[in-house]
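Residue numbers (the numbering used here): 1131 to 1388. First comes the structure, then the notes that go with it.
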Amino acid sequence: MPGNLDQWQIWMGVPHSSVKGLPKGTYTATNLNQHGDPSLAMGLNNDVKNVFQVDHSKAQPELKISGEIYGGLTTLASYQNYHLTMQIKWGDKKWAPRLNAKRDSGVLFHCYGEHGAFWRVWKACQELQVQESDFGDYIPLAGPTATIKTNTLEGHYLYQPEGKHNRLVKGYSHAYLEPDAPHGEWNQVDLYALNDKAVFVINGQVVMAIENSLDKKGQPLTSGQLQIQSEGAEVYYRAIKIRALDKMPSSFTRYLSE
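Put into structure tokens, the structure is as follows:
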């Protein structure tokens, strides 16, 4: 975890109208869950509320995300074929428009294109969902798709290792398991990405596998930047590490096609 975030860039979206202390003339809105002109967002490296900060007072540095304004912390580099690891825990604060919703964040991968493609905040990408009781759900943002093995539950896709292959083009698929740690405790998150496949592991358990990752134009989507979301909740990340990956662990065989 770089101490000064010099290998990352920050894009801040449109603040909720309840946010105080913004520069005069800052555009705000009450409905943040909509697409529109990204130029209305606060934009690149304009984190005037210090939504993204690194806390060096702990035994190991922690990335503190206040969640007050929707935003994304994005790597300058792009990555392909890797094992990404990190630990994540929730804080207590929540902000409008998600005061009464589950605490939410996300690890976005294979990010490409311009900032603000989704809700004027995040890039087009694949998402490993980070949300209370929904760690490891899969969500494609702004055009990408992937094939997942699913059954349906109450009209929603539910990842099942023995399920039928379906291509998810919007919405989301629930994770196979939801092995979240109790509130305030650290969750271990592992993302294995190899070619057009990715496997999500939460607290040591495989919860999701996606295959045949494609971008909006139907071309293979196998690499890109990484992005960490600020989305209305206080959340902490630490021990963020990435290493090269040349093959998936043999234990993942049941989750992936040949």
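Here a beta-carbon is modelled for each residue, glycine too, at the ideal position from N, C-alpha and C. Just so it is clear, the structure is predicted and the values come from calculations on it, not from any experiment.
Decide yes or no for the touch test of the segment 1349-1358 against the segment 1295-1307: beta carbon pairs closer than 8 Å, at least 3 of them.
Output reads no: the segment 1295-1307 does not touch the segment 1349-1358.
Please list, in chain order, all residues of the same chain as HIS1213 whose beta carbon is under 6 Å from its beta carbon, the five residues on each side excluded.
By 1-based counting over the sequence shown, the position of residue 1213 is 83. Within the same chain, HIS1213 has close Cβ partners TYR1322, ARG1373 and LEU1375.
Close beta carbons around THR1215, own chain, < 6 Å, minus the five adjacent residues each side
Residue 1215 sits at position 85 when you count from the first residue of the sequence shown. Once the five neighbours on either side are set aside, the close Cβ partners of THR1215 are ASP1320 and LYS1371.
Distance check for ASP1136 and GLY1155, CA to CA, integer angstroms please.
Within the sequence shown, residue 1155 is the residue found at index 25, counting from 1. Within the sequence shown, residue 1136 is the residue found at index 6, counting from 1. GLY1155 and ASP1136: Cα-Cα distance of roughly 28 Å.
Segment contact flag, the segment 1264-1275 with the segment 1328-1341, C-beta cutoff 8 Å, min 3 pairs
yes
Does the beta-carbon of PRO1145 have 16 or more other beta-carbons within 10 angstroms, so that it is buried, or is it exposed?
If you number the sequence shown from 1, residue 1145 lands on position 15. Buried is the call here.
Please work out which residues of its chain come closer than 8 Å, Cβ to Cβ, to ALA1254, disregarding the five sequence neighbours upstream and downstream, and give them in chain order.
To locate residue 1254, count along the sequence shown from 1; it is residue 124. Contacts found: CYS1241, TYR1242, GLY1243, ALA1247, PHE1248, LEU1271, ALA1272, GLY1273, PRO1274, ASP1345 and LYS1346.
In this structure, does DSSP put TYR1385 in helix, strand or coil?
Position 255 of the sequence shown, counted from the start, is the residue given in the question as residue 1385. Of the three classes helix, strand and coil, the one that applies to TYR1385 here is helix, per DSSP.
Determine the contact status of THR1280 and TYR1287, defining contact as a CB-CB distance below 7 Å.
In the sequence shown, the residue the question calls residue 1280 occupies position 150. In the sequence shown, the residue the question calls residue 1287 occupies position 157. It is a contact, given that the beta carbons lie within the stated cut-off.
Which partner residues of ALA1328 appear in the DSSP bridge assignment?
Here the question's residue 1328 lines up with position 198 in the sequence shown. BP columns for ALA1328 point to ALA1323 and ILE1340.
Contact belief for LEU1283 with PHE1330 at Cβ below 8 Å, rounded distance in angstroms
Within the sequence shown, the letter at position 153 stands for residue 1283. Within the sequence shown, the letter at position 200 stands for residue 1330. At roughly 18 Å, the Cβ-Cβ gap does not stay under 8 Å, so LEU1283 and PHE1330 are not in contact.
Considering only the alpha carbon of each residue, which of TRP1220, TYR1157 and TYR1209 lies closest to TYR1367?
Counting from one through the sequence shown, the residue named residue 1367 turns up at place 237. TYR1367 has its Cα closest to that of TRP1220, out of TRP1220, TYR1157 and TYR1209.
Please state the DSSP three-state secondary structure of LEU1271.
Numbered from 1 along the sequence shown, position 141 holds the residue referred to as residue 1271. LEU1271 sits in a strand when the DSSP states are folded into three classes.
Alpha carbons only, please: which of HIS1165, THR1205, TRP1141 and VAL1181 is nearest the one belonging to LEU1174?
To locate residue 1174, count along the sequence shown from 1; it is residue 44. Answer by Cα proximity: TRP1141.
In whole angstroms, give me the CA-to-CA distance for SER1343 and HIS1295.
Translated into the one-based positions of the sequence shown, residue 1343 becomes position 213. Translated into the one-based positions of the sequence shown, residue 1295 becomes position 165. Near 13 Å, if we compare the C-alpha coordinates of HIS1295 and SER1343.
With a threshold of 16 other CB atoms inside 10 Å of the CB of THR1205, please say whether the residue is buried or exposed.
The sequence position of residue 1205 within the sequence shown is 75, counting from 1. Residue burial annotation: THR1205 is buried, with at least 16 other C-beta atoms found within 10 angstroms of its C-beta.
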